[in-house]
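Using my numbering, you'd call the opening residue of the sequence shown number 82 and step up by one each time. One structure is given here, and the rest of the page talks about it.
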Amino acid sequence: MPEGCDYDLTLYDEYGNQVGKAEWDGEGRKKLSVPNWDMDTNKYCFKVENGNGEEVSPNDFYRISFHVTDNKEHEKTDAVREAYGNLYSAYSRKDENWRDYLDRYNEVLRETEQNYRKELEELHKKQFAGLPEGKKYQGGRTVDELLQDMAEGKELSEAEREYVKIFANLKDAEKAQQKAELKNDFSDDFVKDLEGMGISREDIEGMQVRIGSNGTVTVDGIEEETVWEQVQKLVEKKYSDKMYQYYIGIADSVGNLPENAYQYAADVQEVKRYLKGVTGQDVSLKNLYMLPDGNIGGLPGKADKLINHTKDNVKVDQMRDALRNIIGNIGVSGDVGIPDFTSEFQFGDGGFSVVDSGFAVDMGALDARLTPHYSGNMYSDMYKYQFRKVL
82 MPEGCDYDLT LYDEYGNQVG KAEWDGEGRK KLSVPNWDMD TNKYCFKVEN
132 GNGEEVSPND FYRISFHVTD NKEHEKTDAV REAYGNLYSA YSRKDENWRD
182 YLDRYNEVLR ETEQNYRKEL EELHKKQFAG LPEGKKYQGG RTVDELLQDM
232 AEGKELSEAE REYVKIFANL KDAEKAQQKA ELKNDFSDDF VKDLEGMGIS
282 REDIEGMQVR IGSNGTVTVD GIEEETVWEQ VQKLVEKKYS DKMYQYYIGI
332 ADSVGNLPEN AYQYAADVQE VKRYLKGVTG QDVSLKNLYM LPDGNIGGLP
382 GKADKLINHT KDNVKVDQMR DALRNIIGNI GVSGDVGIPD FTSEFQFGDG
432 GFSVVDSGFA VDMGALDARL TPHYSGNMYS DMYKYQFRKV L
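Here's what the structure looks like:
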């Protein structure tokens with residue numbers, strides 16, 4: 082870390098559980114161990130924060146390094162590997178007793194899940210016990226109640242903040258923080274810009290803002306035409322992208338989607354905005370298709386040249402991959418439709434809040450098409466962890 086900095090490094094697993102807080106190692110570094118409590122977890126998230134509550138300086142460079150060591154608890158993961166290997170072998174050779182091996186594998190998975198919960202609980206207790214006495218929360222409010230206070234913009238005490246950092250799910254904490262930012266800091270910045278144009282907070286009370294999947298902005302609820310035009314332009318030029326990010330972080334209809342459906346919906350939004358910016362028109366995703374050479378057909382001339390013939394451009398590469406995913410998903414989802422949504426906001430009581438508009442298609446039916454469903458083989462009755470993946 083840069084000299085004089087005290088950055089906090091916190092680790093979350095793909096279920097959103099806090100599974101590690103870095104501690105000083107006596108050599109000028111903060112260090113933590115990535116847990117190896119089960120075989121299913123393969124995504125983690127690092128969160129870097131300034132210990133004094135200020136922003137992490139973009140000019141103060143820090144480095145994160147990884148070191149692989151012997152796994153002292155290898156017998157736990159070995160048990161999963163062994164049980165799966167026995168099951169796969171029995172199923173492959175059409176052993177009539179293969180379901181006995183499936184039962185054993187499921188038993189090992191349940192034991193692993195129970196151990197995960199136990200390890201997580203013990204880690205959190207240890208972290209709480211290690212806090213200075215003044216930072217140990219002694220109140221009776223639950224984590225959910227403290228998160229609700231955060232979402233409403235109420236200031237938590239230092240002890241309450243430490244309690245939330247240990248016990249709250251990452252996704253719940255991020256959502257609460259985004260709600261507070263949208264209602265307070267973001268709304269204040271928005272109003273300041275308007276005040277520079279001679280428009281007051283009261284002039285926009287009750288307005289609604291809608292941002293389509295192609296980035297088109299619609300503002301309603303403002304009677305004065307001059308005010309309406311200025312607000313519309315301000316959202317379009319400066320705030321629409323940030324508002325979209327708030328929407329997908331707060332709206333339950335988006336945030337609670339399974340992984341495949343979420344990625345599909347996010348790809349649709351990103352691609353439609355990108356193609357509209359490139360071509361100046363709405364491009365029908367239904368008319369796109371894959372060509373034998375791997376290029377994408379059905380794109381307007383300018384977009385075709387950019388997407389299919391641009392090399393070594395990170396943004397174009399991302400859009401190309403997203404388009405391929407969309408074309409594949411359209412083929413799988415069929416008549417269910419494309420997951421389109423509009424980001425909607427209400428300005429009331431002096432600040433913005435999200436209005437969850439949902440989707441134009443049946444997302445449950447769409448997810449059923451996107452998620453493989455096995456029947457009559459060894460995968461169909463495998464035990465599924467009760468943890469919900471949020472990363």
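The C-beta atom is built at its ideal place from N, Cα and C for all residues, glycine as well. Just so you know, these numbers come straight off a predicted model, no measurement behind them.
Contact set for residue i: own chain, Cβ-Cβ below 6 Å, skip 5 residues either direction
{"i": "Gly101", "result": "Leu92, Leu113"}
{"i": "Phe428", "result": "Ile285, Met288"}
{"i": "Ala347", "result": "none"}
{"i": "Lys132", "result": "It is worth fixing the name first, because residue 132 is Gly in this sequence and not Lys. Excluding positions up to five away in sequence, the list reads Asp87, Asp89."}
{"i": "Ala441", "result": "Asp421"}
{"i": "Asn187", "result": "Tyr464"}
{"i": "Ala171", "result": "Trp179, Tyr182"}
{"i": "Asp151", "result": "none"}
Cutoff 7 Å; reference residue i; Cβ partners in own chain excluding five residues on either side
{"i": "Cys126", "result": "Tyr93, Leu251, Leu472"}
{"i": "Met231", "result": "Leu237, Ala257, Gln258, Ala261"}
{"i": "Arg191", "result": "Tyr464"}
{"i": "Lys470", "result": "Glu95, Tyr96, Glu340"}
{"i": "Tyr320", "result": "Phe271"}
Coarse secondary structure for residue i, derived from DSSP in three states
{"i": "Asp385", "result": "helix"}
{"i": "Tyr327", "result": "helix"}
{"i": "Phe147", "result": "coil"}
{"i": "Gly215", "result": "helix"}
{"i": "Ile377", "result": "strand"}
{"i": "Tyr197", "result": "helix"}
{"i": "Met371", "result": "strand"}
{"i": "Gln467", "result": "coil"}
{"i": "Asp225", "result": "helix"}
{"i": "Gly220", "result": "coil"}
{"i": "Val417", "result": "helix"}
{"i": "Tyr455", "result": "coil"}
{"i": "Ala160", "result": "helix"}
{"i": "Met444", "result": "helix"}
{"i": "Arg174", "result": "coil"}
{"i": "Glu136", "result": "coil"}
Start and end residues, alpha helix (DSSP H) containing residue i
{"i": "Lys319", "result": "First-last for Lys319: undefined, no H or E at that position."}
{"i": "Gly358", "result": "340 to 360"}
{"i": "Gly234", "result": "Where Gly234 is concerned, there is no enclosing alpha helix (DSSP H), given that its DSSP letter is neither H nor E."}
{"i": "Ile408", "result": "395 to 414"}
{"i": "Ser334", "result": "333 to 336"}
{"i": "Ala254", "result": "251 to 262"}
Range covered by the beta strand (DSSP E) that runs through residue i
{"i": "Lys128", "result": "125 to 131"}
{"i": "Tyr88", "result": "88 to 94"}
{"i": "Glu425", "result": "424 to 429"}
{"i": "Lys436", "result": "Reading the sequence as shown, one finds Val at residue 436 and not Lys. First-last of the beta strand (DSSP E) with Val436: 432 to 436."}
Sheet register partners of residue i (DSSP bridge)
{"i": "Trp105", "result": "Lys111"}
{"i": "Gln99", "result": "Tyr93"}
{"i": "Tyr165", "result": "Looking at the DSSP assignment, Tyr165 forms no beta bridge with any residue, so it has no partner."}
Cutoff 8 Å; reference residue i; Cβ partners in own chain excluding five residues on either side
{"i": "Gly330", "result": "Glu255, Lys256, Gln259, Gly336"}
{"i": "Tyr328", "result": "Ile292, Val335, Ser424, Glu425, Phe426, Val435"}
{"i": "Asp159", "result": "none"}
Secondary structure, alpha helix (DSSP H): runs of 4+ residues fully inside the stretch 267 to 317: If we require 4 residues or more, the alpha helix (DSSP H) runs fully inside the stretch 267 to 317 come out as 268 to 276, 306 to 315.
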